[in-house]
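Per the working numbering, the very first residue in the sequence shown carries number 1; after that it's consecutive.
One structure below.
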Amino acid sequence: GRGLDLVRQWNPDVVLLDLMLPDNEGPELFEAFRAETDAALVGISARSSVSDRIAGLKLGADDYVTKPFALEELMARVEAVIRRHRGKGGARLSAADVMVDLSEGIATRAGRRLSLTGIEFRILTALMRNSGQLVTYAQLAEAVWAVTTGPESNSLEVHISRIRQKLEQDGCSRLIQTVRGLGYRFGTE
């Protein structure tokens with residue numbers, strides 16, 4: 001559902017998931033998240049027995065926290081699991097001759113590093129995650145600004161224009177196509 005969509009869109013470093021969701025959906029969601037993302041997964045549950053913690057870890061959790069917990073403990077566990085997880089190598093996206101290193105916040109085209117702002121990086125990442133597919137204005141707004149309506153001004157168009165300039169330096173071909181009135185598509189025509 002919505003949680004999986006957000007994970008696909010944002011590619012977080014860590015996902016906290018309550019294993020005690022209504023209708024016993026926690027374990028099923030955990031398996032779905034594990035199949036969809038390489039993010040570190042931390043299970044949260046009111047069950048604190050050894051067998052429950054083992055079950056959570058066997059579902060694919062990188063760590064397991066029992067309720068109630070101190071916020072400081074949760075933050076320390078999240079930081080530790082991220083440190084361990086980053087040691088496995090950062091997540092990367094690539095399409096055409098563009099590569100995005102999500103853990104380092106670096107984008108390159110044909111080996112040349114692109115100087116992108118944070119917003120430009122998030123826009124490019126959202127487009128590359130859906131390479132070859134239409135990404136609507138609303139989808140980009142949610143991915144970049146965490147809102148479901150598009151920006152009030154033409155700021156998205158301005159950011160796309162700047163990304164294109166940076167991608168198309170040295171005579172490189174256009175990779176971001178405009179789909180009039182709908183959004184954008186990443187990839188060669």
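Even for Gly, the Cβ is constructed at its ideal location relative to N, Cα and C.
On a predicted model such as this, the values are computed, not experimentally measured, just so you know.
Bridge-paired residues (DSSP) for Leu75:
To locate residue 75, count along the sequence shown from 1; it is residue 75. Position check: residue 75 holds Met in this sequence, whereas Leu was assumed. Answer is none; Met75 lacks a bridge partner.
State yes or no: is the C-beta of Val15 within less than 8 Å of the C-beta of Leu41?
Numbered from 1 along the sequence shown, position 15 holds the residue referred to as residue 15. Numbered from 1 along the sequence shown, position 41 holds the residue referred to as residue 41. In this structure, Leu41 lies closer than 8 Å to Val15 by Cβ.
Alpha carbon to alpha carbon, what distance is there between Met75 and Ala126?
Start at 1 with the first residue of the sequence shown, and residue 126 comes out as number 126. Start at 1 with the first residue of the sequence shown, and residue 75 comes out as number 75. The alpha-carbon atoms of Ala126 and Met75 are separated by roughly 27 Å.
Any idea what DSSP makes of Arg5, helix, strand or coil?
Translated into positions along the sequence shown, residue 5 becomes position 5. The sequence given here has Asp at residue 5, not Arg. Here Asp5 sits in helix by DSSP.
Helix, strand or coil for Gln165 per DSSP?
For the purposes of this step, residue 165 is taken as residue 165 along the sequence shown, with counting starting at 1. Helix, per DSSP.
Run through DSSP, which three-state label would Leu140 get?
Position 140 of the sequence shown, counted from the start, is the residue given in the question as residue 140. In this structure, Leu140 counts as helix in the three-state DSSP scheme.
Could you check which residue in Asp63, Leu175, Gln139 has the C-alpha nearest to that of Leu182?
Mapped onto the sequence shown, residue 182 falls at position 182. When only C-alpha atoms are compared, the closest one is Gln139.
With a 10 Å radius around its C-beta and 16 neighbouring C-beta atoms as the bar for buried, classify Glu157 as buried or exposed.
Here residue 157 is taken as the residue at index 157 of the sequence shown, counted from 1. Glu157 is exposed by the Cβ-count criterion.
Compare the C-alpha of Leu175 against each of Lys166, Thr188, Ile163, Gln169 and name the closest.
Indexing the sequence shown from 1 puts residue 175 at position 175. Per the Cα distances, Thr188.
Could you check whether the Cβ of Gly111 sits closer than 7 Å to any heavy atom belonging to the ligand FMN?
Among the components modelled here there is no ligand, and therefore nothing to report on the ligand FMN.
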